[in-house]
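Numbering (the numbering used here), first residue to last: 165 to 264. From the three backbone atoms N, C-alpha and C, an ideal C-beta is built for every residue, glycine too. Before any comments, here is the structure.
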């Protein structure tokens, strides 16, 4: 069974990654999350229109997820940044919405 995951707002992600899974500060200095290599993955969320009917259509929608691969003294680690990337983009553009 996987260990429990802590829940925190995306705005705290940069502070959270400074601590390793064992609760100790990561070695090698402060990690700049925006400097870590960016990866993406598409998953699909699906729903059955009418589950009580055996041949009911299944509808699926793509869900884009983002990850960063960072480096500390022990090696590399991956962190999901999907929500953080959204808040980062909002802050970088001053919170406005691009309507062009």
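- With 16 or more other Cβ atoms from the protein chains shown falling within 10 Å of its own Cβ, residue 177 counts as buried.
- Rounded to the nearest angstrom, the gap between the Cα atoms of residue 218 and residue 225 is 21 Å.
- According to DSSP, residue pairing for residue 183 in a beta bridge involves 189.
- In this structure, the alpha-carbon of residue 231 lies about 10 Å from that of residue 248.
- The Cβ atoms of residue 229 and residue 220 do not sit closer than 7 Å to each other.
- Ranked by Cα distance from residue 185, the first of 246, 204, 169, 235 is 169.
- When the five nearest sequence neighbours on each side are left out, the beta carbons in the same chain lying within less than 6 Å of the beta carbon of residue 244 are those of 231, in order along the chain.
- With contacts defined by Cβ atoms closer than 7 Å, residue 222 and residue 212 form a contacting pair.
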